[in-house]
Amino acid sequence: MLQGPDRRNFLVLAIQGLGAVIAGALGVPALSYLFSPAKTKNDATWIDVADLAKLPSGEPAEIIFSRKRVDGWKVVTEKTSAWVVKTGETEAFALAPACTHLGCAYHWKQESKEFTCPCHASSFSIDGKVQAGPRRGRWTGMNRG
Ligand code: FES
816 MLQGPDRRNF LVLAIQGLGA VIAGALGVPA LSYLFSPAKT KNDATWIDVA DLAKLPSGEP
876 AEIIFSRKRV DGWKVVTEKT SAWVVKTGET EAFALAPACT HLGCAYHWKQ ESKEFTCPCH
936 ASSFSIDGKV QAGPRRGRWT GMNRG
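Every position in the sequence shown, counted from 1, becomes a number in the working numbering once 815 is added.
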C-alpha cells in the first residue's frame with residue numbers, strides 16, 4: 816500500500832500522464848490540421864465529349880455529356896451540356912450553357928447567327944461575346960402565358 820510521499824508522487828504522475836494523453840488526443844489532430852497542406856487536388860479534368868470530325872465546322876453544336884462532380888464527400892454523375900464550335904480540323908472551343916446574366920440556358924439562332932437567351936433577350940456572338948445585354952421587363956421564353 817502506498818503511503819505518504821509515494822502515493823502523492825503516484826497521483827501526480829497519473830494526473831500528468833492523463834494530461835499528456837488528453838493533450839496528445841487533442842493536439843495531434845489540431846497540429847495536423849494546421850500544418851498539413853491545403854487540399855490541392857484539382858478534380859478539373861478534360862472530358863472527351865464529341866468526335867471533332869463529326870461536328871459541323873464554324874457552327875455551334877450543343878453537346879450533352881455526363882461528368883462526375885464532387886459535392887463534399889459525394890461523387891455525383893450528372894448530365895450537362897456545352898456549346899462546341901469547331902474552328903479547324905483539330906481545333907474547337909466550348910462555351911458554358913448558361914447565360915452570363917442569370918444563368919438561363921441560351922440557344923443558337925441560325926437565322927441571325929447568334930446565341931439568344933430566352934429569359935431577358937440577351938444575345939451573344941458565336942464566340943460568346945455579349946452583343947446585347949438583358950432587356951428590362953422582357954420575357955421571351957418559358958414564362959409566357
Ligand atoms: S438570364 Fe439570360 S438575359 Fe437574363
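The C-beta atom is built at its ideal place from N, Cα and C for all residues, glycine as well. Just so we're clear, the structure is a prediction, and the values are computed from it rather than from any experiment.
- Here S938 carries a strand assignment [DSSP, helix/strand/coil].
- When the Cα atoms are used, Y921 and L846 turn out to be separated by approximately 49 Å.
- For H922, the enclosing beta strand (DSSP E) begins and ends at H922 to K924.
- The three-state secondary structure of K869, taken from DSSP, is helix.
- Cα atoms of A897 and P949: separation of roughly 21 Å, rounded to the nearest angstrom.
- Judged by DSSP in its simplified three-state form, D886 adopts strand.
- For P875, the pairing in a beta bridge is given by DSSP as V900.
- Here the alpha carbons of A907 and Q925 stand approximately 19 Å from one another.
- Per the DSSP secondary-structure output, L910 pairs in a beta bridge with W898.
- Taking C-beta separations shorter than 8 Å and ignoring five residues to either side along the sequence, the partners of G943 in its chain run L910 and F930, following chain order.
- Under the three-pair Cβ rule at 8 Å, the stretch 833 to 841 does not count as touching the stretch 862 to 869.
- The continuous beta strand (DSSP E) containing A947 extends over residues V945 to A947.
- Selection around the ligand FES by beta-carbon proximity, strictly under 7 Å to any non-hydrogen atom, yields C914, H916, L917, G918, C919, Y921, C932, C934, H935, A936, S937 and P949 in chain order.
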